[in-house]
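Working notes, structure below.
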Amino acid sequence: MSYREGSVVAYFLQQLVNGVTLGSVYGLIALGYTMVYGIIGMINFAHGEIYMIGAFVAVIGFTLFAGVPLVLALLLVLILATLVTGFYGWTLERVAYRPLRGSFRLAPLIAAIGMSIFLQNYVQLAQGARIKPVPPKIEGGLTLLVQEGFAARVSYLQICILLLTLLLMAALTWMIHGTSFGRQQRACEQDKVMAALLGVNVDRTISMTFVTGAILAAVAGVLVTLYYGVVDFFIGFLAGVKAFTAAVLGGIGSIPGAMVGGLLIGLIEAFWAGYFSTEWKDVAAFSILVIVLIFRPSGIFGRPEVEKV
Amino acid sequence: MLHTRTPRQALPALRAGVAVALTLTLALTLALTLTTAPAKAEVKVAVAGPFSGDLASLGEHFIRGAQIAVEDINAAGGVNGEQLVLLEGDDRCDPKEAVAVANRMVNEGVVFVAGHACSGSSIPASEVYWEEGILQITPASTAPQLTENGYDNVFRTCGRDDQQGSFAGNWLARWFGKKRIAIIHDKSSYGKGLADQTRAAYEKRVTGTVHLYESINAGEVDYSALVSRLKNEGVEAVYYGGYHTEMGLIIRQAAAQEYKPKFVSGDGQVTEELWSITGDSGEGLIFTFGPDPRKRKQAAALVERLRAEGFEPEGFTLYTYAAFQVWAEAARAAGSFDTEDVADAIRAGSFETIIGTLAYNNKGDRTDEDYTWYRWTDGSYNEVGKDYRP
């Protein structure tokens, strides 16, 4: 419409980079929703807050390690964030969900909403309600393609986000298919009683699933802190909604589904904003969700026989 | 499917624990917003603005300005023989919260409110103040609509967006009239209003149209798709109507794509927090604001005092201070705290304040307001004058 002249290919490439970066972050958060749903069949609405806590730990970490060389600081912050956030994930399950596991279906859902509000308020009181800005730490990037004066750029940070996401996806796939913990997870997902009879520690397996989800959210939190540089106690809400949408779009319970769903939402947003209008990008993303769910009610990868964890 | 298993015994205790924790959290949140309980022979005044949320750094200007103003007025013997007690109302720049804050001020028996900050908050709150007869002077809300509703109890110490927007629009027309510009806003009363005024002034002057007029969703973090689009379409100047968080993010993401147009904005950028988002990429951002009151000789002592306390009285700090001065002077002149009398006194008089001599027209707007350019460089913003060249 109002898109005129300029380059076509380079511009498309640039929006692709924008969308994939955004989608990777959504995907990392969506994995937490999907893993928990796969194993205990509940939506952990406090997961967005777990991601927010990861981002806050990152802000605190970058302040703590201000004097340390960047690469080392980044590594330390990642370790700190995953440890602290993983602990929050474990506590969340232990305090709010495990006591309710045998209860009626809505109980854990309400507990999740309660924990989400609790964590938001807790961070607001403990850390203050102001935004926590983090100035750009990693600058610069590569030029992918120059066409008619338009240079498609990918920043080092974007490359970092993509690589880390790919690495985590590979690690997660290996964990589920190649380790005994993954086997236990799959067993619990199929039949918790039978798994327990065969000697699988069901409680521990569920706990560890929450911790894994929290760790992925923590990495997303660190990346977002670095990339966008603005964190406050409320960021978990919007990110949580988008990531949850991504998980449903991909087929909730499916690991590749969460990643593909996240990427799709990110790409739809970027391309809609890039070619049509920024105003309507959320409407576009959610319309596509509705359309997909009409034709595939269980999401893109959500086939009943598909392996869910 | 129904589960009939009895819950574990620990459950009621846990539930109670969670309930207590939640109640405590809520109670704390509420308790934080209202301060000291006033004694007799005192008159209650209030300051309202975003003291939490992403605009809290602007809210801090309000609190500090109000606190020191009340301190000074009380030290000088109060107003009409009564000491002032300051209440604080946090609206988070949310219109719904603003109405709640306004109602609380009514219940508290407040006679004067300095606030709110965001136009989107000030406008709905002004209806409550109008109905209940409370005097309102906003140090920052620039949307014209606020004083166009016919309420005679509303005033401001800042200017109006039709002045601010036409100043920016004319400047853009002069320097970017033959180039492509984009006007972006955040859909808020303030941001959209300012963007519309700027666009109108620009299009009138160049008898053309702006290349792109778009809005974004405030509160999001990713604007890279929009930035790529501006870059691809060769936009050379970007005007943004809105607050500093989103402006900072847009500039930062533009820098990451090596896109450096002239960024131009309004008085939403008068906070040093902007630079902590943009880093060095904020270099060169210009925005409109009144002439810097910190540079006035009459303000030197106050500025020194605040700096000694470790607070830079930037942005709206002195505008808030001035709001209290105007009200106190008018209440003295009227000899009462009655809103109608005080409002009449404000319209009748002219007031020597920390930001200059203020006089008001019948709408409640300043008769003299003028805007000038500020430019961000190396972590701070400086006045560069009306004839600034890009």
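Protein chains in written order, with my numbering: chain A, 3 to 311; chain B, 489 to 878.
We put the CB at the ideal spot given by N, CA and C, even for glycine.
Practice prompt. Rounded to whole angstroms, what's the CA-CA distance from B/N705 to B/V715? Just pull it up for me.
Written response: 14 Å
Practice prompt. Could you pull the start and end residues of the beta strand (DSSP E) that A/V148 belongs to?
Written response: 143-149
Discussion item. Taking 8 Å as the threshold (beta carbon to beta carbon), is A/Q17 in contact with chain B?
Written reply: At least one chain B Cβ lies under 8 Å of A/Q17.
Worksheet item: Can a CB atom of chain B be found closer than 8 Å to the CB of A/Y230?
Response: yes
Item to complete: Starting from B/N870, trace the alpha helix (DSSP H) both ways and give me its first and last residue.
Response: Unbroken run through B/N870 is the beta strand (DSSP E), 868-871; no alpha helix (DSSP H).
Fill in: B/E721, DSSP secondary structure in three states
coil
Worksheet item: In or out: B/W861 buried (at least 16 other Cβ within 10 Å) or exposed?
Response: B/W861 should be labelled buried.
Discussion item. Rounded to whole angstroms, what is the Cα-Cα separation between A/G276 and A/F47?
Written reply: For A/G276 and A/F47, the distance between alpha carbons rounds to 31 Å.
Item to complete: Compute the minimum distance between the beta carbon of B/K748 and the heavy atoms of the ligand NAP, and state whether it is under 7 Å.
Response: As for the ligand NAP, it is missing from this structure, which has no ligand bound.
Worksheet item: Which residues mark the beginning and the end of the alpha helix (DSSP H) in which A/V22 is found?
Response: 11-42
Discussion item. Less than 8 Å between CB atoms is the rule here; does A/L82 satisfy it with respect to chain B?
Written reply: no
Practice prompt. Would you list the one or two residues that DSSP bridges to B/D578?
Written response: B/G537
Worksheet item: A/Q187 by DSSP, collapsed to three states: which one?
Response: Helix.
Discussion item. Considering Cα atoms alone, identify which of A/A83, A/L218, A/L82 is closest to A/M37.
Written reply: Out of A/A83, A/L218, A/L82, A/L218 has the C-alpha closest to the C-alpha of A/M37.
Item to complete: Return the Cβ separation of A/G143 and A/Y158 in integer angstroms, given the expectation that the two are a contact with Cβ distance under 8 Å.
Response: The beta carbons of A/G143 and A/Y158 sit about 5 Å from each other, so the pair counts as a contact at 8 Å.
Discussion item. Rounded to the nearest angstrom, what separates B/E721 and B/V758 at their Cα positions?
Written reply: Going from the Cα of B/E721 to the Cα of B/V758 covers about 29 Å.
Worksheet item: Roughly how many whole angstroms lie between the Cα atoms of B/G679 and B/G729?
Response: Distance between B/G679 and B/G729, taken at the CA atoms: about 4 Å.
Worksheet entry | Length-filtered (4 minimum) alpha helix (DSSP H) runs lying within the region 581-611 of chain B | 583-596
Worksheet entry | Under the three-state DSSP convention, the category A/E271 falls into | helix
Worksheet item: Is the region 161-175 of chain A close to the region 21-30 of chain A, with three or more CB pairs under 8 Å?
Response: yes
Item to complete: Closer than 9 Å, Cβ to Cβ, to anything on chain A: give me those residues from the region 703-728 of chain B, in chain order.
Response: S703, I704, N705, G707, E708, V709, D710, Y711, S712, A713, L714, V715, S716, R717, K719, N720, E721, G722
Discussion item. If you measure between the beta carbons of B/A689 and B/S654, is that distance less than 8 Å?
Written reply: yes
Discussion item. Let me see if you follow: with CB-CB separation under 8 Å, is B/T733 close to chain A or not?
Written reply: yes
Worksheet item: Closer than 8 Å, CB to CB, is A/G8 near chain B or not?
Response: yes
Item to complete: Helix, strand or coil for B/V814, going by three-state DSSP, please let me know.
Response: helix
Fill in: Limits of the unbroken beta strand (DSSP E) element including B/W864
860-865
Fill in: Expected contact under 8 Å - CB spacing of B/S607 and B/S677 to nearest Å
4 Å
Fill in: Proximal residues to B/A590 (C-beta, below 7 Å), its chain only, five neighbours per side dropped
A613, V616, Y617
Worksheet item: Given that a residue counts as buried once 16 or more other Cβ atoms are within 10 Å of its Cβ, and exposed if not, what is B/R877?
Response: With fewer than 16 Cβ atoms within 10 Å of its Cβ, B/R877 is classed as exposed.
Discussion item. In the DSSP output, what is B/Q571 paired with across the bridge?
Written reply: B/E530
Discussion item. Is B/L737 close to chain A? Criterion is C-beta to C-beta, closer than 8 Å.
Written reply: yes
Discussion item. Does any residue of chain A have a CB that is nearer than 8 Å to the CB of B/S764?
Written reply: yes
Worksheet item: Using a beta-carbon distance cut-off of less than 7 Å, what residues from the region 532-544 of chain B approach chain A?
Response: S540, G541, D542, A544
Worksheet item: Does the beta carbon of A/I133 sit closer than 8 Å to a beta carbon anywhere in chain B?
Response: yes
Worksheet item: Hey, how far is the Cα of A/V22 from the Cα of A/K283?
Response: 15 Å
Worksheet item: For the beta strand (DSSP E) that contains B/S838, what are its first and last residues?
Response: 838-841
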